[in-house]
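Note that the sequence shown covers residues -24 to -1, 1 to 643 in mature numbering (1 follows the signal peptide of the UniProt record, and there is no 0).
Where is the CB? At the ideal position from N, CA and C, for every residue including glycine.
These notes are about the structure you will find just below.
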Amino acid sequence: MGQGAALLLSRLLLLLAASRTLLAVSFPEDIVPLDVVDAHFTRRYPVFRGRPSVNDSQHRLDFQLMTKIQDTLFIAGRDQVYLVSLRESYRNEIISYRKLTWRSGQGDREMCAVKGKHRDECHNFIKVLVPRNDDLVFICGTNGFNPMCRYYRLDNLEFDGEEINGLARCPFDSKQTNVALFAEGKLYSATVADFQASDSVIYRSMGDGSALRTIKYDSKWLKEPHFLHAAEFGNYVYFFYREIAVEHSNLGKVVYSRVARICKNDVGGSQRVLEKHWTSFVKARLNCSVPGESFFYFDVLQSITDIIDVNGVPSVVGVFTTQMNSIPGSAVCAFSMTDIEKVFMGRFKEQKTPDSVWTPFPEEKLPKPRPGSCAGHGQAASFKSSVEFPDDTLQFIKSHPLMDTAVPSIGDEPWFTKTRVRYRLTALAVDGQAGPHKNYTVVFIGAESGVVLKVLAKTSLLSLNESLLLEEIDVFNRAKCPSNREDDKRVLSLHVDNNTHSLYVAFSSCVIRIPLSRCERHSSCQKSCIASRDPYCGWKPHGSCERIQPGVVKGYEQDVEYGNTTHLGDCQVFLGTTSAPDYKSFGDPTSDMAFSSAPVTVQPSGPIQPPVLIPSQSPSSGPRPELYGSGFVLQDDPATSHSLNSLPGGPEGKALREAKNAALQLV
């Protein structure tokens, strides 16, 4: 090897070592789950596939959205809206009690094909489903790339009135994202307004007054946005989305997460400036990053909650990922509405020339009233209507909608990160009142791989504990959910129903209902129950780990904060259950599962697996491995013969023999 080649090789090795060091320093470490729930265990949970009856067969669901109205979960897919009762218990399969069918007309399908679309794209994919009032629900569909909307009565799902043009209210393509909500009788929608998807719009229509929209083809307002959520709060409607960051166009197509705000009483500008356009549209970046010498950013918003209380503060919680062309990484960040408002009251960002960098606009040079204000409120209190705003205020907001400062996350750091896996997180739902005292926040996060992560979130800066990954649950049911596409396992949406202690997990071809907790997995092992640190579970005096109902303040033991088990004895293992799952809410969890009672294998590290634990009858006198500290993995192999074994060296005892007999009766 020549001297030049050796020098080049040494430099490459130094560069590789430096890159590995940088990755190790800046890339956050993952939290190890306390429990891993595999597909063998979760396949018992009931599945919705869009079939109105067990014997009916039809096309795949093609899930688009789900929303709760009263005690019903509305599930929208291709050509159909299904109504699922949240009060019913389901054993094997979830069946809708009512179905709305709305297919594209023959003419629309033919025209869709003429436009060059595949016939599978020319159906009516339901993309908007929002209640107008207690009697009517507003539904829109793509209708073969000719979007249309209708009102339906909630009591019987009968069509009410005439069809309404879906332009700017509903996307053309099922793959396009959109949001919609009614606020004070008016429809606020965000979508694309043309067939080519080049005109992205935030639009208000229906109700009193003329329609308003964002400026057409102005990248400073919107640039290739993906709309994810809209929420009404105070005097405003907020939109949460991601888009190409126009302030970093010199770096290529960098995606940023945004929150935009408009005034509900905005009626547009004067005939000279911003007529029939928003006069209050402002937007800011959402900063979800890991602090340090070099911040690690999660810039791509995937899903976000409605406005919820976090420690008494109105907030939103979102799941963010790294850029699609970078190493996979995901994070959950929360943002208070107070911090969002502070940013909107701060400095604006400007670009003086098309080639110049973006800089803060001097506060003292702002026109009055302050751009982005609502007429009749704050600095614009003396103006009755936005039409009366002076031209300089309107001209400024037209060219300066972007705020200079990004919205910081609560605590200036993510609640949770996942960076050491190949998949990204895609959806989330939050239970902000978990546990019997309703004082814990549990975040359920879906992933591309079909798993759901259950995280006990650190929501207070005063807490000494970090967020905790309670469970990693493999939810996707390969046997019941059609899976012929790569992204069929991707979790698209999550919905928490506290009344039935349920989580609905939506995939493209099915929706699976799982309980919020699996306390019965810890059976009659007190140590396992306490160490689970699950706010939904507690140890009962009669010797079982059970779900604790909200409001129950005594008669159980749990240690969510620390999971201290030093005072408890170890457990032995058998495959069976000594405490019954919640059949009333979920049906018999073994009804569609081929029960397996394979020998238990013990591995040196990892979380607890499905076999159930019972207290040791005669613990050894010598040093004992901690159940969680040494990380036993207890697994059953469905391919092996039916047998029940205790841990090596452990006494069987009367309780274990009885449990074995009971378990074998289930085989």
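Assigned exposure category for residue 22 - 16 Cβ within 10 Å defines buried: buried
CB-CB under 8 Å to residue 45, same chain, minus the five flanking residues each way: which ones, in chain order? 107, 113, 130
Can you give the Cα-Cα distance for residue 565 and residue 394, rounded to whole angstroms? Only weak support exists for where residue 565 lies, its pLDDT of 45 falling under 50; the value from the coordinates is given anyway. About 30 Å.
What are the partner residues of residue 297, as DSSP defines its beta bridges? 276, 306
Between which two residues does the beta strand (DSSP E) carrying residue 15 extend? Run containing residue 15: none in the beta strand (DSSP E); it sits in the alpha helix (DSSP H), 15 to 18.
So, helix, strand or coil for residue 487, using DSSP? strand
Burial state of residue 475 (16 or more Cβ within 10 Å): exposed
Excluding the five sequence neighbours on either side, which residues of its own chain have a C-beta within less than 7 Å of the C-beta of residue 43, listed in chain order? 50, 105
Contained beta strand (DSSP E) runs [length at least 3] in the region 428 to 452, N- to C-terminal order: 444 to 450
Residue 272 and residue 9 look like a contact to me (Cβ under 8 Å); what is the Cβ gap, rounded to whole Å? Wrong, their Cβ atoms sit about 22 Å apart, outside the cutoff.
For the alpha helix (DSSP H) that contains residue 505, what are its first and last residues? First-last of the alpha helix (DSSP H) with residue 505: 502 to 507.
Straight-line gap, residue 218 to residue 483 (C-alpha atoms, nearest Å): 22 Å
Buried or exposed: residue 300, going by 16 or more other Cβ atoms within 10 Å of its Cβ? exposed
Within 8 Å, do at least three Cβ pairs link the region 328 to 347 to the region 154 to 162? no
Could you tell me the alpha carbon to alpha carbon distance between residue 391 and residue 546, rounded to whole angstroms? Between the alpha carbons of residue 391 and residue 546 lies a distance of about 32 Å.
With DSSP collapsed to three states, give me the class of residue 495. helix
Assess, as a yes-or-no matter, whether the region 180 to 200 is touched by the region 216 to 230 under the definition of 3 or more beta carbon pairs within less than 8 Å. yes
Closest Cα partner of residue 18 within the set 541, 449, 526, 117: Nearest in C-alpha terms to residue 18, of all of 541, 449, 526, 117, is 449.
Return the CA-CA distance between residue 60 and residue 71, expressed in angstroms with no decimal places. 7 Å
With distances taken Cα to Cα, identify the nearest neighbour of residue 509 among 537, 304, 174, 477. 537
In chain order, what residues of the same chain lie with their CB nearer than 7 Å to the CB of residue 539, ignoring the 5 residues before and after it? Excluding sequence positions up to five before and after residue 539, its CB lies within less than 7 Å of the CB of 506, 507, 509, all in the same chain and listed in chain order.
Count the other C-beta atoms from every protein chain shown that fall within 10 angstroms of the C-beta of residue 244, then say buried if there are 16 or more, exposed otherwise. buried
Does the beta-carbon of residue 96 have 16 or more other beta-carbons within 10 angstroms, so that it is buried, or is it exposed? exposed
May I ask you to report which of helix, strand or coil DSSP gives residue 355? helix
For residue 89, three-class secondary structure by DSSP: helix
By the 10 Å Cβ neighbour count, where 16 or more other Cβ atoms means buried, how is residue 193 classified, buried or exposed? exposed
Please report the straight-line C-alpha distance between residue 681 and residue 430, rounded to a whole angstrom. Because residue 681 is not part of the residues shown, which for the chain are -24 to 643, the question remains open.
Using C-beta distances below 8 Å, list every residue in its chain close to residue 654, excluding the 5 sequence neighbours before and after it, in chain order. Absent from the model: residue 654. The displayed extent of the chain is -24 to 643, so no value can be given.
Once you ignore the five residues that flank residue 79 on each side, which residues in its own chain have a CB closer than 8 Å to its CB? 55, 99, 100
Could you check the C-alpha separation between residue 534 and residue 6 for me, to the nearest Å? 25 Å
On the criterion of 16 or more Cβ atoms from any shown chain inside 10 Å, does residue 122 qualify as buried, or is it exposed? buried
Name the two residues that bound the continuous alpha helix (DSSP H) containing residue 313. 313 to 320
Residue 222 by DSSP, collapsed to three states: which one? helix
If you reduce the DSSP assignment to three classes, tell me which class residue 249 lands in. coil
Assess, as a yes-or-no matter, whether the region 451 to 465 is touched by the region 405 to 420 under the definition of 3 or more beta carbon pairs within less than 8 Å. No contact exists between the region 405 to 420 and the region 451 to 465.
Consult DSSP for residue 191 and reduce its assignment to one of helix, strand or coil. Collapsing the DSSP output to three states places residue 191 in coil.
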